[in-house]
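Written out below as structure tokens is the structure these notes cover.
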Amino acid sequence: MLDSPLGRDQQRRLAMHGFIVLFLGLWSGVGFSYAAATMVTSDPGYGAWRFAHMEGIVNGLLLLAVAGIWLRLNLRSPLLSMARVVLVLGCYANIIGPILNALFIGRRLIVPETALEAFVVYGFYIPGTFPLLVLPIFVINLYRQRDDMV
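In UniProt numbering, the protein residues as written are 1 to 150.
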């Protein structure tokens, strides 16, 4: 554990990014509300806005959860620093991609038909898998710190 000014600054930045992603997810809820009021539930636009709203909320909460345990981790690990950056980038990709999909592609959910749509889908959805890859790093690090938590 590293309860230092650097550790606290990293924790604060993680929380800030978590709130930004959560805020974007809540704002995409406005689009979801509009879609719910004007579309049938089988419409792809409805699904796209619901997906964007869900992604923002879940990824924002994920960043806030990691920020909450940040000072309990072994922050001396260089792998943890890389995982933190990759997690933040992945969470932003997970909210920006679905919002762009809902705004511009909208008629199809993650089915690109043009080069621009393919760039948007693969440019954001592939980096959106990064949290899945780095979350085990946080879990393993936290598990190794279990004796210090008691």
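Glycine residues also receive a C-beta, built at the ideal position from the N, C-alpha and C atoms.
Going by CA-CA distance only, name the one from Gly7, Met39 and Phe124 that's closest to valine 66. As a first step, residue 66 must be located in the sequence shown, where it is residue number 66. If we check each option's Cα against that of valine 66, Gly7 comes out closest.
For the alpha helix (DSSP H) that tryptophan 27 lies in, which residues bound it at each end? Mapped onto the sequence shown, residue 27 falls at position 27. Here the alpha helix (DSSP H) through tryptophan 27 covers 5 to 38.
If I measure Cβ to Cβ from leucine 61 and keep anything under 8 Å in the same chain, skipping five residues before and after, which residues do I get? Position 61 of the sequence shown holds residue 61. For leucine 61, where only same-chain residues beyond five positions count, the Cβ hits under 8 Å are Gly18 and Leu22.
Spatial neighbours of leucine 87 in its chain, beta-carbon cut-off 6 Å, leaving aside the 5 residues before and after: On the sequence shown, position 87 is the one that residue 87 refers to. Closer than 6 Å at the Cβ level, and outside the excluded window around leucine 87, lie Pro131 and Val134.
Can you tell me the Cβ-Cβ gap for phenylalanine 119 and alanine 93, rounded? I've got them flagged as a contact below 8 Å. Position 119 of the sequence shown, counted from the first residue, corresponds to residue 119. Position 93 of the sequence shown, counted from the first residue, corresponds to residue 93. Actually they do not touch by this definition, with Cβ atoms about 13 Å apart.
For tryptophan 70, which residues in the same chain have their Cβ closer than 8 Å to its Cβ, ignoring the five residues on either side in sequence? Against the sequence shown, residue 70 aligns to sequence position 70. Correct list, in chain order: Gly7, Gln10, Gln11 and Leu14.
Terminal residues of the alpha helix (DSSP H) in which asparagine 59 lies: If you number the sequence shown from 1, residue 59 lands on position 59. Per DSSP, asparagine 59 belongs to the alpha helix (DSSP H) from 44 to 69.
Whether or not the region 74 to 85 and the region 45 to 61 are in contact is what I'm after, with contact meaning three or more pairs of Cβ atoms, one per stretch, closer than 8 Å; do they touch? Not touching, per the Cβ criterion.
So the alpha helix (DSSP H) phenylalanine 119 belongs to, where does it begin and stop? Numbered from its first residue, the sequence shown carries residue 119 at position 119. Where phenylalanine 119 is concerned, the enclosing alpha helix (DSSP H) stretches over 115 to 125.
Inter-residue Cα distance where the pair is glycine 90 and alanine 37: For the purposes of this step, residue 90 is identified with residue 90 of the sequence shown, where counting begins at 1. For the purposes of this step, residue 37 is identified with residue 37 of the sequence shown, where counting begins at 1. Cα-Cα distance, rounded: 31 Å.
As assigned by DSSP and simplified to three states, the class of arginine 74: Within the sequence shown, the letter at position 74 stands for residue 74. It should be pointed out that residue 74 corresponds to asparagine in this sequence rather than to arginine. In this structure, asparagine 74 counts as coil in the three-state DSSP scheme.
Rounded to a whole number of angstroms, what is the C-alpha to C-alpha distance between isoleucine 99 and arginine 84? What you label residue 99 is simply residue 99 of the sequence shown in a count that begins at 1. What you label residue 84 is simply residue 84 of the sequence shown in a count that begins at 1. Whole-angstrom Cα-Cα distance: 23 Å.
With histidine 53 and glycine 25 assumed to form a contact (beta carbons below 8 Å), what rounded beta-carbon distance in angstroms separates them? As a first step, residue 53 must be located in the sequence shown, where it is residue number 53. As a first step, residue 25 must be located in the sequence shown, where it is residue number 25. Rounded to the nearest angstrom, the Cβ distance from histidine 53 to glycine 25 is 6 Å, consistent with a contact under 8 Å.
In whole angstroms, give me the CA-to-CA distance for isoleucine 137 and proline 5. Here residue 137 refers to the residue found at position 137 of the sequence shown. Here residue 5 refers to the residue found at position 5 of the sequence shown. Computed Cα separation, rounded: 23 Å.
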